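S.K.:
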Amino acid sequence: MSTFDFAGEYIDGLAAYKRGDYKIAFALWAKSADQGNAEAQFGLGAMYDNGQGVPQDYNQALMWYRKAADQGSAEAQFALGVTYANGQGVAQDHNQALVWYRKAAAQGNAMAQVNLASIYHNGRGVTQDNVEALKWFMLAAAYESDEERRATVIISRGIVAKELTEAQIAEAQKRAMVDPMFHPIVADVIRRVIEWRKETRAFFDKLAARPKDAVRDMKPDEIVKSLRENSAFYNLATKYNETMGRLSRFFNENVTKENPNLPKVVWWEKLNKLFEIEESFYKQA
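No gaps in the numbering here: position 279 of the sequence shown is 586 in the working numbering, and each next residue is one more.
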């Protein structure tokens, strides 16, 4: 089943959620979640977690978060980390919190990266390690798209950096950067870009297959379906732009500073070759 087959209920549910119609949102997301939509599953988890439209139920929240997390939802993985850290609906377990934060952080979830940085800075459940803390603050500063939160991360990064020597800061930069061409976070970002491009192509293939006069003869329910598909495509495009922004920020924060004389186009060319993505695709960002 493709993304577009069950995108309608999720998109309609999201619209209902944003306008505060939680019961309608819950009903629509429940349908989409049962069809395997990870975003809807995460949404149900959040609604149970916060008691929106349903009685607050941490056990149900945990169940839906886990379903979404098992499908690779970084937001759900982060939520599971918070759940285990706070002991909501499950015994408090800092080790499990660390596991889920790592999974989310490896997908570029900035909040999970910040939590990991704080864990290492405070030595909560792990050996205190300011070098590792600075590494995660560096990555969070590169991946955070919200400017206010990013400003806070940068301040925290500076505070930790002041506690380290120049050699330790260099080590943190090295850990954050590793080899950018094989860094797990960068690789995962590119993997998701490729997946979204496939969905985008499928969308345009469906449009191209329609007769020229098909729109004129469309029935009301077909028009609604088409609008939903357009909304689904818009969401994919938004995710693509966000992802490329994060990737660009990662390079600016962790690559160009270390290699100021290396033209950025060289890095894009290497990425294009490594992941077999056309140069024109990147120019659309």
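Just so it is clear, CB atoms sit at the ideal spot from N, CA and C, and this is done for glycine as well.
Just so you know, these numbers come straight off a predicted model, no measurement behind them.
Report buried or exposed for residue 472, applying the criterion of at least 16 other Cβ atoms within 10 angstroms of its Cβ.
M.R.: Taking the sequence shown and counting its residues from 1, one reaches residue 472 at position 165. Exposed is the call here.
S.K.: If you measure between the beta carbons of residue 369 and residue 406, is that distance less than 8 Å?
M.R.: Position 62 of the sequence shown, counting from 1, holds the residue named residue 369. Position 99 of the sequence shown, counting from 1, holds the residue named residue 406. Cβ atoms of residue 369 and residue 406: not closer than 8 Å.
S.K.: Secondary structure at residue 437, three-state DSSP: helix, strand or coil?
M.R.: The residue you call residue 437 lines up with position 130 of the sequence shown. Residue 437 falls in the helix class under three-state DSSP.
S.K.: Decide if the segment 374-383 is in contact with the segment 349-363; the criterion is three or more beta carbon pairs, one per stretch, under 8 Å apart.
M.R.: As far as the Cβ criterion goes, the segment 374-383 touches the segment 349-363, which means the pair count is three or higher.
S.K.: On the criterion of 16 or more Cβ atoms from any shown chain inside 10 Å, does residue 394 qualify as buried, or is it exposed?
M.R.: Here residue 394 corresponds to residue number 87 of the sequence shown, with the count starting at 1. It counts as exposed.
S.K.: To the nearest angstrom, report how far apart residue 483 and residue 441 are at their CA atoms.
M.R.: Numbered from 1 along the sequence shown, position 176 holds the residue referred to as residue 483. Numbered from 1 along the sequence shown, position 134 holds the residue referred to as residue 441. The alpha-carbon atoms of residue 483 and residue 441 are separated by roughly 9 Å.
S.K.: Between the segment 427-439 and the segment 452-460, do at least 3 Cβ pairs fall closer than 8 Å?
M.R.: Because the criterion of three Cβ pairs below 8 Å is not met, the segment 427-439 and the segment 452-460 do not touch.
S.K.: In this structure, does DSSP put residue 470 in helix, strand or coil?
M.R.: Position 163 of the sequence shown, counting from 1, holds the residue named residue 470. If DSSP states are grouped into helix, strand and coil, residue 470 belongs with coil.
S.K.: Does the beta-carbon of residue 489 have 16 or more other beta-carbons within 10 angstroms, so that it is buried, or is it exposed?
M.R.: Position 182 of the sequence shown, counted from the first residue, corresponds to residue 489. Because residue 489 carries a pLDDT of 39, less than 50, the predicted location of this residue cannot be relied on, and no value is offered for it.
S.K.: Among residues of its own chain, excluding the 5 on either side of residue 373, which ones have a beta-carbon nearer than 7 Å to its beta-carbon?
M.R.: Indexing the sequence shown from 1 puts residue 373 at position 66. For residue 373, where only same-chain residues beyond five positions count, the Cβ hits under 7 Å are 387.
S.K.: For residue 323 and residue 364, I'd like the C-alpha separation in whole angstroms.
M.R.: For the purposes of this step, residue 323 is taken as residue 16 along the sequence shown, with counting starting at 1. For the purposes of this step, residue 364 is taken as residue 57 along the sequence shown, with counting starting at 1. Approximately 21 Å, taken between the alpha carbons.
S.K.: Considering just the uninterrupted stretch of the alpha helix (DSSP H) at residue 594, what are its terminal residues?
M.R.: Shown here, the chain extends from 308 to 592; a query on residue 594 therefore has no answer.
S.K.: So residue 340 packs on residue 371, CB below 8 Å; how close in whole Å?
M.R.: Locating residue 340 in the sequence shown gives position 33, where the first residue counts as 1. Locating residue 371 in the sequence shown gives position 64, where the first residue counts as 1. About 7 Å separates the two Cβ atoms, so the contact holds.
S.K.: Under three-state DSSP, which class holds residue 455?
M.R.: Counting from one through the sequence shown, the residue named residue 455 turns up at place 148. DSSP places residue 455 in helix when its eight states are reduced to three.
S.K.: Is the distance from the Cβ of residue 317 to the Cβ of residue 346 below 8 Å?
M.R.: For this step, residue 317 is matched to residue 10 along the sequence shown. For this step, residue 346 is matched to residue 39 along the sequence shown. Their beta carbons are under 8 Å apart, which means residue 317 touches residue 346 by this criterion.
S.K.: Return the CA-CA distance between residue 360 and residue 320, expressed in angstroms with no decimal places.
M.R.: Translated into the one-based positions of the sequence shown, residue 360 becomes position 53. Translated into the one-based positions of the sequence shown, residue 320 becomes position 13. Spanning the two alpha carbons is a distance of roughly 12 Å.
S.K.: What does a CB cutoff of less than 8 Å around residue 427 pick up in its chain, not counting 5 residues either side in sequence?
M.R.: As a position in the sequence shown, residue 427 is number 120, starting the count at 1. Once the five neighbours on either side are set aside, the close Cβ partners of residue 427 are 433, 435, 436, 437, 439, 440, 443.
S.K.: With DSSP as the reference, label residue 380 as helix, strand or coil.
M.R.: Counting from one through the sequence shown, the residue named residue 380 turns up at place 73. Correct three-state label for residue 380: coil.
S.K.: How should residue 486 be labelled, buried or exposed, when 16 other C-beta atoms within 10 angstroms of its C-beta is the threshold for buried?
M.R.: The count along the sequence shown starts at 1 and reaches residue 486 at position 179. Its pLDDT being 41, under 50, residue 486 is placed unreliably in this model, and the value from its coordinates should be taken loosely. By the 10 Å Cβ count, residue 486 comes out exposed.
S.K.: Measure the C-alpha to C-alpha separation of residue 334 and residue 328 and round it to an integer number of angstroms.
M.R.: Taking the first residue of the sequence shown as 1, we reach residue 334 at position 27. Taking the first residue of the sequence shown as 1, we reach residue 328 at position 21. One C-alpha to the other measures close to 10 Å.
S.K.: Can you give me the C-alpha to C-alpha distance between residue 450 and residue 420, rounded to a whole angstrom?
M.R.: Indexing the sequence shown from 1 puts residue 450 at position 143. Indexing the sequence shown from 1 puts residue 420 at position 113. C-alpha separation (whole angstroms): 9 Å.
S.K.: Let me check understanding here. Comparing Cα to Cα, which of 418, 315, 445, 342 lies closest to residue 478?
M.R.: For the purposes of this step, residue 478 is taken as residue 171 along the sequence shown, with counting starting at 1. Comparing Cα positions, the closest option is 445.
S.K.: So, using beta-carbon positions, are residue 349 and residue 375 closer together than 8 Å?
M.R.: The sequence position of residue 349 within the sequence shown is 42, counting from 1. The sequence position of residue 375 within the sequence shown is 68, counting from 1. Yes, the pair counts as a contact, with Cβ atoms nearer than the cut-off.
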